[in-house]
Structure formats: structure tokens, C-alpha cells
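Colleague: When the letters of the sequence shown are read in order and numbered with UniProt numbering, they come out as residues 1 to 1127.
We put the beta carbon where it would ideally sit given N, CA and C, even for glycine.
All values derive from a computational prediction rather than experimental measurement.
Okay, here's the structure, questions in a sec.
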Amino acid sequence: MLLELDTNKLILLGDMNGVPAPDMDRSTEKRTRNRGKLPKSFSDMEENLDLIDIWRHQNPTSKQFTHYSEPHQSWGRIDQIWMTRTLSIRVRKCEIHPRTLSDHCALDLELKNEVKGQYRWRMCENLFDSEEVRERIKDTLKEYLNLNLNKETPIDVVWDASKAVLRGLLIQQNNYRRKVRERKKEEILSQLRNLEKKLTRNPTDEAANRASKVLQSQYSAILNQELEWKIKFAKQRYFESANKMGKLLAWQLRKRKKQNMINKIILDDNIIEDPEEIENRFTQFFEKLYEKGGESSAEINSYLEQNEKKYILEEDRTELNKEITINEIKEAISRMKTGKAPGPDGLSAKYYKILEEHLAPVLKDVINNIFQGGKTPASWKEAYITLIPKTEKDKTDIKNYRPISLLNNDYKIFADIMASRLKKLLTKYIHKDQMGFLPNRHQKENVRHILNIIEYLDMRIDVPAALIFIDAEKAFDNVSWEFLLQCLGKAGIEGPYLKGIRAIYSEQQARLIINDNLTKSFKIQKGTRQGCPLSPLLFIMVLEVIANRIREAVNVKGIKIGKKEFKLKAYADDLVLSVENPVESASRVVELLEDFGRLSGFRLNRKKTKILTKNMTDQEKSQLEEKIGIEVVNKVKYLGIWLSPKNINLVEDNYSKVWQDIKKDLDTWHRLKLSWTGRMSAIKMCILPKLLFLFQNIPIIKGTSLFKNWQKILTKFIWQGKRARVKLKYLTDARERCGFAVPNIRLYYEAACICWIKEWATLRNSDLLDLEGFDIRFGWHAYLWQEKGEVHRGFSNHIIRSSLLEVWKRYKNRIEKGTPWWLSPSNIVKIKKINMAEENCTYEDILEKIDTGWRLKPYEELKDKIKEWLHFHQIHALWGEHKRLGMKEKKSWFQVEILESNDKLLSKMYKRLLEWDTKEVQVKGAMVKWEKDLGHNIDYNKWQILWTKGVKFTACVALRENLEKMVYRWYLTPAKLGKMYKTVDNTCWRCRDKVGTFFHIWWTCDVIKEFWKQIHDEMKKILKYNIPKSPEMFLLGLIGKEIKKIDQNFFQYAMAAARIQIAQKWKTPELPTVAEWQLRLYQYIELARLTRKIRQNNTSKFKDEWNKFLTYLENTQGINNLSVDVG
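Take a look at the structure:
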């Protein structure tokens, strides 16, 4: 029950009959020290509710007890006070007093009054849902701009003042709407008082009772609207997560609150718990962090002059310096995501999306003015900094918090345009070893590179080597502005674009958000703001300076394979170096980094920098540590993956650990009592992303037994250990094929493997292929297509190659049914060299069409591609073999969508594998049963439309789940129970006459027929036109032209209300009443309204959908002024 509470402020106290830590909380001998310890279930609750033992929190090393046990002759601290972490900052004291009236000691807890942080205004987005308010805001903005533009006032001042004017109007409108709501609440309360008087005189007055319930629902709707911003913030995925929408969300928020609440820090061995002192210490730390460094401009210039050359060409510079256009502004606004926290001005992305036509031209002039050397608006220099704790780091250390800047959205539009222009160029100019922040570059490439290096060094035991994982101290926050600007100039960025960057990096200020409180403002004089779209690109341009120095350093020896040297990989500031001759190479790297850091601010953190070694003796490791002052370790976490000198540990260090965490989460969610759909949503939202991260970075699992075990545990969670009512393949099938889209874990893994195989098929990334195939005997396509893995058994001794080839063999004949156009016969027949040839001609390059099919082009035409005559004849012979398999006219789906594309590869591959896996169950068994009951076939397209569009009439899972359960005939009927248990009577609960089949219970029973007749009659009164009474419409929601388009959404809500009324009286002879149906349907108005709010649909259409029902309700119930718009 406690886990279901949405509150984050909870105090749990009393005699717990157990202690948290026996060695500290009991006076007992070691051999019995675990006796009386609080159970594991309490520990789980402590973690999930984010509880802390407040006395122990304040007395971490003290021993004091609350109870003496005469039988055991021992003391124990079994009386405890536990509270949520958010409350701990309000504790003045927590003391244990001596025993007086009881054999237990009294505990004294004293709390301060709640500390209210400084008010931070945030725009109420709901105001823009009113057309009247929208028009008023637009008119006010138009009037303001007409009065102030093209006058003497600078454009940057006009812009900032426009935000202040609109902010004032928004505050005024919000206050007015609040007053309207209060007035309506009073009106409802007045009507409720009158009705209560009637009911006091005549408690059996059904009309007064029904009217009272309707008014109570309307009052509840007004209260909900007052809290609507919270629902908006929660977003649709949380609304869909469980029957009671807050449960899973509350669990996730508790985790987030646990991370963000700072109730204790340690400085110089002193524990600081006072909230004000914590704020002051954080402010002092970050104020000092952002102080300007002592680097000189002349030194920076001299350093950059040594090697740096202009690499940005004139034509690219011209593109950067063009005037900003209105289209660029509009595209940037369209890319903005709603629901994000705004900056200090409180104006959200919706403000710019709604007012785009009026704001875009002015914002264009503001930015172009900056490009010409004008001032930036003062509000762009401000930021709020929220602190995110680094995972698995000590949260009492101030240094372990990552500062994320909350910036004003107009500034972010400007930065987004700047970033979009720069990103196009950097893809060409930044070395391919840098995988961060650029299109089509992914962190998995770096992980794959390291695994391949380790595999290579496993074979080359004669090569001593080291992998150095560089960690910089606050890398983004320490970048010198002077170094950054000079670096950009040396790269060739000049003119208006550079003026725009100078305008940003000249003056900034910020305030921290600590425990929801704002600190005092302080200056920022260095660093790139994390949260700014432009910052990461500027950072990697700075980092490219040192990356180039390391690449060019002769005395830093990388891992050599043939002519190629593998020395450096980077993902933003996460650098990893792979070097031979470790002592000399690592020493030189450290020297280079220190020289660079002295001027740029990129300071090497020796404590957090780690080294993995290969083929080195303990003496050599010690020598390396002593020489450079960096620790050699047996395990290191890089980009979220635990790595060690032996790849064989990858599964245990990563997959096993993650799965243990998942099982722990499943156990917690089991106690949350989520709905059936909520449990499936939990798997999609919280479990799948964790596994996908591993699948995409280390696809190294062989066989399928592990996946079967995982899927079995997940399926058990979905059904809560009970018998499954829907087949697993139906659950995993895609929504468009009437499934539930529950992740098939094995297929996701196999899709990730096939996406990795893309590199083998395309043969474009020769560096990766030379490293991954350092010991292969044949070309890559020989293993993919000619089964050479059977000849060269050693191919599968490699941790990556073995798992990928296993999956490829499983699907090869389905992926390519004939000879593929991407196949390279030259790669198959060539003798494998240590370094790949750059050119590998495919059948697409060397075949031509003739009347009888396809043939190899003549040698004369292929001389440029195939140099040797003998090589040509080998390919000709191979073509004879491949021709028999057939060659299709067009490229295969695999080639077009996977090999030649970079967009959503995993998603596309998974969908294709899922389609193959569920092909035989495309027509679900439940559909066949429905058609048998109805006596006619239902077109498959109708089922698809119902499943992809029909069930989406609402975002409320309870209503959607009801319709889904109807389609899949979920409910246990007397007939079904009679088959399951021989002692159960299979006759209908209502008529007591016929066998209670599913269709009988829901439709053909004489008793239930009467209810549906009443509902049908009432629907005709509401809609004011005739509608057929058919089970397809009433039970399955299969509606067409017989219901007008404007009424279709309302019809689905009406039928859901009727079906749920029946389901709630399941196993009873009692029949729902029309009055109950009317009340439930009225309550659904709020669900419908929230659905439109969350999905940001047209609210005026919503009024049209429900006005007929409200008019009907006013006429039948005698209630006045019912409305879907409550202010």
C-alpha cells in the first residue's frame, strides 16, 4: 500500500522489531549478529520509497539503543523513524531519550517549518488552449511590435521588453481564469447544498441523488483542471502506464527525486546538512569553477600556431556567414520539444510555436543584428543551472554533480540555427575517430573498437600494450573562452558567424537550483554551457586540437596492424588511447595533455583516469603507474559498458548485473499492482531501453537459452504468475497487426547483431574491418555468403565475430532469397591481406542486363575495377555459381533499408524479424471466434483500423484496456470456467437458462438484451438520428459511416461506459442501470478532455463532440449550465 502513495513526503515510525545494521544497532556477539535484522522486503521498500533512517543519518558512527531484551539480555535500536529524503533537510534534531514509562526509549523528532524557495514563474500552457486568449495575446504582441519596431530603441531591448509585456498579460489572464473557476465552484457548491437539503427530507429521491453525483463529478473536473500542469508534465506515456495513472510515474519520480535531493555534503571531512549552508557551498564551488583562468592570449596564439591550419574552406565559410532567414527560425521552432523546462524567463516552447508568425520575423532581425556586431538580448546571458548527480558516484561530493543549464527558448532557437550550420561542416572536418555529437556517428563504434583491440592483443601476446581511459576534470565547464575563440579563428571561422559566437562567450551569469531553491546570481567566465545546442560542437572543435597532436606524435605508438595504426578514439570528452610501448607512449600523452590543458582548461584528472593493460608483467605495470601517476585497474566503465582485459567477462560484468537490477524492479512493480496494460508498458518503457543499450554496444551472446529465460520471467510478470490469457506471439506482434507490441527480447538482440553485420556487408569501414578481421583467411563476403566459417574454424574464436555470424546464419536465407546486388565477388576471390583494398566491386558494379537475364560485363569495361585478368576469370566462375540462385531486378529490402540507409536501422530490422516470427498468427484466434459468433466474416482491414486507430479514442488505459480485452475475449465466462473446473456450473449467471458462452453473456442473453436496448434508445435520443444496434459496434467498437464522424469519439466513450458497467457486475445476476451509465459517461468527459490536452488536439472539436450529451443530460436530470469548459 505504501508503494502506491504518490506523495514524496512520508514519515514511518515505531517499533520495527528489527534493526537496520546489527553490528551498529545491537549489542550482540558476532556469531549471532544477523539475528533480528530487518528483512530484505523492508530494504527494498526503503530504496523504492527513498527512505532514510533519520537518527542514523544524523549519527553515522554512534551506538545508542532504544530497547533492552530481558530474554536475550541484549540491547537493540529497534525503535526507528524513517522518512523520505526530501523531508530530511527540515529536521532540526532527532534524539533518543532514556526509558521512563516503558521498556522502550522515547524518540524525539523536531521539524522546521517547510522552507519555501524563491518563486520561479512558469508559463501556464493551458491558456493557449483558449482561442479567445490566443487571439488576445496575438493582438497585444502585434500592437506592441507596431509601436516599438523601427524606432530608436535597440532591437535587443525591444525583444526582451516584448517578453515582459506578454508575461504580464499571461499572469493577468491566468489570475482571471482562476477567479472564474472559483466562481463556478461556488455555484456548484450552492446547487449541491440545495440537493442535500432535498435528500435530507427524502433520502430515496433518485433524481436528486443522480443530479448530486453529476455535480460532484463537475466539481472534481474543476479541481483536476487546477492540477492539469502536472498531468501535462507527466506526458502521455505516463497517462497510459496504469489504471491509476500515477503509480508507475510515482515510482520513477521517486528515483529521480532520490537523485536530485541534496541533503548532505562532505567538505574537508566535515558533514554539512544545513540547507542554507549546502546552497552556499555549492554556489562558492561553481562560482570559483567558472572564474576566468590565468592563460594568456599570446601563449594560446603561439600554441595554436605550431600545427593548426585553416581547414574550413571559403565556400563553407560563406554558408556559415549568410544572413539568418525566417525559414531557419521556423525550422528551429518546429524542432523544439514541448514539455521541456523553460529558462529564467519562464516561456516554454509552446509560446514560440503558437506565436511563430509574429515572433519569427523579429527574432530574425535580432539574430542578424548580432551577426553584424550588435548586442545580444540581456535575457540570453542568464541561465538557471540544475545539478544532476553522476551515476555510481558519491553524492556527498560537490564535484560529482553535472551542471545542466536551463536556457531561455529564444536563445536556444538562435543556438540551434548556429549548431545546424556548423554541424554540416564538422562532419567533413572532424576526424572519424571522434564519435560524439555528429550525424551518423555512434558510441557503439568506440566500444566495438576497444573489444577488437583486446581480441587482437589476446592473440598477440608478444605485444605489451595499454588502454588509457582519459578523464578530464569538469571538461565542458573549464574550457577557456579565449582558447575557444582563437581555435575557431585558426580553423577558418570568421566574420558574422564568429561575431555571433563572441556575443555568447563574452558575458554570462547563472543561478543554481538546489533542492528547488534558487541561489544568488554569479558570473560565468569560462566553459561551454551543457544544455546549449551549440556547446557540444564547439567543445569537440577545441578537443580536436589535442586529438590531432596525439595522432601526429611519433613517440606515441598506437596498436599497429599492417600499415595502419590504431591510437585514439573519442566520444566527446571521453578519450581512450590504445598504445604499444606503454611507459614511453603514456608519458608522452600525459605531457601533451598537460600542455594543452594549461591553456585550454582541459585538465587531466589523474584520479579518475584509468589504465587497462595487456601482456604486461606486474613489474611493468608498477613502473607505468609510478611513471605517470595513473592507476592500472582490472575493470573500467567506458560509455556505460564495463570493460576488462579479458572480453570473456563482458556478459557477467554487464548483462548479468543489468538483469539483476531488472529483476529487482520487477519485484517492486509487482507490489505496485499495475494494470495488465501497465505491466506491458513498464517493460517497454523501463526494461527494454536497458537491454537495447547492451545489445547495441556488446552483441556477444551466443545461443538463445538466455533470451528464453528472460522472456519467461517477463511473461510471468505480465500475467502475475497466473495462466496466460493471450498467446505470447499475440502479445509481441505489432500494433498494426492487432498485437500488443510487447518486446520480443531475442528478436531485438538479433536485430542489433544484423545491424552490426552491416559493416561486413558494405566493406566501407576498412579501419574497423582490418582490426576486427586481423586474423581472417578470406574476404568478409566469403564468410557471409560462401560459408567459409566452416572451413576457417578460428573465425568464431573472436567474441564479436562468433555471435554475429551465428545470427546471420539463422536469417541469411530470409534476408536474401537470391544473389544480392551488394555481394562483392572480388572480396570473395581475393587473397586476404592484412590491410583491405579500398575498392571492392559488387555485382551492382559489374553486371549488365541482357535478353536472357544478367551477365558479367566484358573485361575491357571492367579494367578500372578489376586490374588482373586472372582475377576476372575467378569472378566469372563464381558468377556462374551465384547465377543459379537467381538475381532479382531490384535491390533487396535489406540492401535499401539497412545497408544503404542510416536511419532507424534497429527499429526497421526488428519490425522485419517480428513480421517473420508472427507470420503464422496474423489472423488471431479471437477474430475467428468473433466471426463465428456474428455469423459473417469481418474484413481484416477493419480489425487493423480498430487496433491502430479505434482504441486510440482515449489516452486512458482503463478504457483502452476494456476494448482490447473485448477483442481478445479476455473475460472468464461460465462456459470457460466449466471447461477449466468440472465442478463449476456453466449456465449463464443472469438468465439461469442457457450455457454462458462469451457471446451469450455479453449480447444474446435475454436479460442483457434489455440493457443494450435501453442504451440503444438513449443513444438515439442523444445523437438525434437512428443507429443500428449491432454487436460489432456496441461490443467491438467497429464503427463506420453509420455514426457521423463528429460523433465517433463520443460513441466509443459511451460504449466503453456500458461495457465497463457490465464488467463491474461480472459473475452477478444484477444488471447495470441507465442512470449508472449516464453518470459514468459524464465522468468520462474529463478523461476525454485530458486526452485532448495531452495530445495537443483541437479543444473546440472536443466541445462539439460532447455538447449533445450535455444537452441531453440537462434535459433528463434537470441540471443547469453543464459545460465541458470549466474555466
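(1) Would the beta-carbon of K63 fall within 8 Å of that of M16?
(2) Among S297, R120, S88 and K184, which has the Cα closest to the Cα of K264?
(3) Rounded to whole angstroms, what's the CA-CA distance from P60 to Q525? Just pull it up for me.
(4) Terminal residues of the continuous alpha helix (DSSP H) containing Y176?
(5) Check whether the Cβ atoms of V996 and W1003 lie closer than 8 Å to each other.
(6) Rounding to the nearest angstrom, what Cα-Cα distance links E287 and E594 in this structure?
(7) Cβ of F371 within 8 Å of Cβ of G500?
(8) Under the three-state reduction of DSSP, which class applies to I524: helix, strand or coil?
(9) Is the distance from the Cβ of D50 to the Cβ of R85 below 8 Å?
(10) Ignoring anything shorter than 4 residues or poking outside the stretch 977 to 1041, list the alpha helix (DSSP H) runs there in chain order.
(11) Helix, strand or coil for N270 per DSSP?
(12) According to the neighbour-count rule (16 or more other Cβ atoms, all chains shown, within 10 Å of its Cβ), is W1066 buried or exposed?
(13) Have a look at K523, N941, P464 and Q434 and flag the residue whose alpha-carbon is nearest the alpha-carbon of N581.
(14) What is the rounded straight-line gap between the Cα of L111 and the Cα of S220?
(15) Quick check on DSSP: helix, strand or coil for Y401?
(16) Of the residues L215, L363, I11 and L899, which one's Cα is nearest the Cα of I329?
(17) Pop quiz: L624 and A586 are said to be a contact at Cβ under 8 Å. What is the actual Cβ separation, rounded to whole angstroms?
(18) Using the DSSP secondary-structure output, state which residues sit across from F566 in a beta bridge.
(19) When the Cα of E591 is compared with those of I550, L347 and R746, which residue comes out closest?
(20) Would you call T1068 buried or exposed, if buried means 16 or more other Cβ atoms sit within 10 Å of its Cβ?
(21) When the Cα atoms are used, what is the spatial distance from T617 to V583?
(22) Out of T1116, H97, E931 and I493, point me to the one whose CA is closest to E315's CA.
(23) Can you tell me whether R529 is helix, strand or coil according to DSSP?
(24) Would the stretch 278 to 293 and the stretch 505 to 513 be scored as touching if the rule is three or more Cβ pairs under 8 Å?
(25) Could you check what DSSP says for L538 in three-state terms: helix, strand or coil?
(26) So for C124, helix, strand or coil by DSSP?
(27) Note the first and the last residue of the continuous alpha helix (DSSP H) segment covering L856.
(28) Which residue from W121, K138 and R120 puts its Cα closest to that of F128?
(29) For the alpha helix (DSSP H) containing G925, list its first residue and its last residue.
(30) So which of D477, L347, N301 and D365 has the shortest CA-CA distance to N327?
(31) Which word fits N937, buried or exposed, when buried means at least 16 other C-beta atoms lie within 10 angstroms of its C-beta?
(32) Excluding the 5 residues preceding and the 5 following K883 in the sequence, name in chain order all residues of the same chain whose CB lies nearer than 8 Å to its CB.
(33) Check the DSSP bridge columns for D79 and list the partner residues they point to.
(34) Out of T842, Y843, E844 and N827, which one is the CA nearest neighbour of M836?
(35) Find the nearest neighbour of G558 within the set E552, V579, L804 and I546, judged by alpha-carbon distance.
(36) Closer than 7 Å by C-beta to G779: which residues in its own chain qualify, once you throw out the five before and the five after it? Chain order, please.
Modeller: Quick look at the numbers:
(1) Position 63 of the sequence shown, counted from the first residue, corresponds to residue 63. Position 16 of the sequence shown, counted from the first residue, corresponds to residue 16. No.
(2) Along the sequence shown, one-based indexing puts residue 264 at 264. For the residues S297, R120, S88 and K184, the minimum Cα distance to K264 belongs to S88.
(3) Numbered from its first residue, the sequence shown carries residue 60 at position 60. Numbered from its first residue, the sequence shown carries residue 525 at position 525. CA-to-CA, the gap between P60 and Q525 works out to about 39 Å.
(4) In the sequence shown, residue 176 corresponds to position 176, counting from 1. Per DSSP, Y176 belongs to the alpha helix (DSSP H) from I155 to R201.
(5) In the sequence shown, the residue the question calls residue 996 occupies position 996. In the sequence shown, the residue the question calls residue 1003 occupies position 1003. Just to set this straight, residue 996 is Gly in the shown sequence, not Val. No, these two residues do not count as a Cβ contact at 8 Å.
(6) Translated into positions along the sequence shown, residue 287 becomes position 287. Translated into positions along the sequence shown, residue 594 becomes position 594. So the alpha carbons of these two residues sit roughly 24 Å apart.
(7) Along the sequence shown, read from residue 1 onward, the residue named residue 371 stands at position 371. Along the sequence shown, read from residue 1 onward, the residue named residue 500 stands at position 500. For F371 and G500, yes; Cβs fall inside 8 Å.
(8) Your numbering for residue 524 matches position 524 in the sequence shown. Looking at I524 - three-state DSSP - the assignment turns out to be strand.
(9) Here residue 50 is taken as the residue at index 50 of the sequence shown, counted from 1. Here residue 85 is taken as the residue at index 85 of the sequence shown, counted from 1. Yes, Cβ-Cβ distance for D50 and R85 is below 8 Å.
(10) Runs found: 1006 to 1023 and 1031 to 1034.
(11) In the sequence shown, counting from the first residue as 1, residue 270 sits at position 270. Note: N270 maps to strand in three-state DSSP.
(12) Here residue 1066 refers to the residue found at position 1066 when the sequence shown is read from its first residue. The residue in question, W1066, is exposed, as its Cβ has fewer than 16 Cβ neighbours within 10 Å.
(13) Numbered from its first residue, the sequence shown carries residue 581 at position 581. Out of K523, N941, P464 and Q434, P464 has the C-alpha closest to the C-alpha of N581.
(14) Counting from one through the sequence shown, the residue named residue 111 turns up at place 111. Counting from one through the sequence shown, the residue named residue 220 turns up at place 220. So the two alpha carbons sit approximately 33 Å from each other.
(15) The count along the sequence shown starts at 1 and reaches residue 401 at position 401. Three-state DSSP puts Y401 in a strand.
(16) Numbered from 1 along the sequence shown, position 329 holds the residue referred to as residue 329. Closest by alpha carbon: L363.
(17) Numbered from its first residue, the sequence shown carries residue 624 at position 624. Numbered from its first residue, the sequence shown carries residue 586 at position 586. With a beta-carbon spacing of about 6 Å, L624 and A586 fall inside the 8 Å limit used to define contacts.
(18) Within the sequence shown, the letter at position 566 stands for residue 566. BP columns for F566 point to I559.
(19) Here residue 591 corresponds to residue number 591 of the sequence shown, with the count starting at 1. Of I550, L347 and R746, the residue nearest in Cα terms is I550.
(20) Against the sequence shown, residue 1068 aligns to sequence position 1068. Classification of T1068: exposed, given that the 10 Å Cβ count is below 16.
(21) Numbered from 1 along the sequence shown, position 617 holds the residue referred to as residue 617. Numbered from 1 along the sequence shown, position 583 holds the residue referred to as residue 583. Whole-angstrom Cα-Cα distance: 13 Å.
(22) Taking the first residue of the sequence shown as 1, we reach residue 315 at position 315. Nearest C-alpha to E315 among T1116, H97, E931 and I493: I493.
(23) As a first step, residue 529 must be located in the sequence shown, where it is residue number 529. In the structure shown, R529 falls within a coil segment according to DSSP collapsed to helix, strand and coil.
(24) Between the stretch 278 to 293 and the stretch 505 to 513, the count of C-beta pairs closer than 8 Å reaches three or more; the two stretches touch.
(25) Locating residue 538 in the sequence shown gives position 538, counting from the first residue. If DSSP states are grouped into helix, strand and coil, L538 belongs with the helices.
(26) The count along the sequence shown starts at 1 and reaches residue 124 at position 124. In the structure shown, C124 adopts coil according to DSSP, grouped into three states.
(27) Counted from its first residue, the sequence shown places residue 856 at position 856. Taken as a continuous stretch (DSSP letters only), L856 belongs to no alpha helix (DSSP H), being part of the beta strand (DSSP E) at G853 to L856.
(28) The residue labelled residue 128 in the question sits at position 128 within the sequence shown. The option with the nearest alpha carbon to F128 is K138.
(29) Translated into positions along the sequence shown, residue 925 becomes position 925. Its alpha helix (DSSP H) spans residues G925 to L934.
(30) Here residue 327 corresponds to residue number 327 of the sequence shown, with the count starting at 1. Scanning D477, L347, N301 and D365 for the CA closest to the CA of N327 turns up D365.
(31) As a working mapping, residue 937 is identified with position 937 in the sequence shown. N937 counts as exposed, since fewer than 16 other C-beta atoms from the protein chains shown sit within 10 angstroms of its C-beta.
(32) For this step, residue 883 is matched to residue 883 along the sequence shown. In its chain, beyond the 5 residues on either side, T819, G853 and W854 have a beta carbon closer than 8 Å to the beta carbon of K883.
(33) Locating residue 79 in the sequence shown gives position 79, where the first residue counts as 1. Answer is D15.
(34) If you number the sequence shown from 1, residue 836 lands on position 836. Of T842, Y843, E844 and N827, the smallest CA-CA separation from M836 is found for N827.
(35) Residue mapping note: residue 558 aligns to position 558 of the sequence shown, counting from 1. Of E552, V579, L804 and I546, the residue nearest in Cα terms is V579.
(36) Stepping through the sequence shown from its first residue, residue 779 is reached at position 779. Excluding sequence neighbours, G779 sits near N827, I828, K830 and K832.
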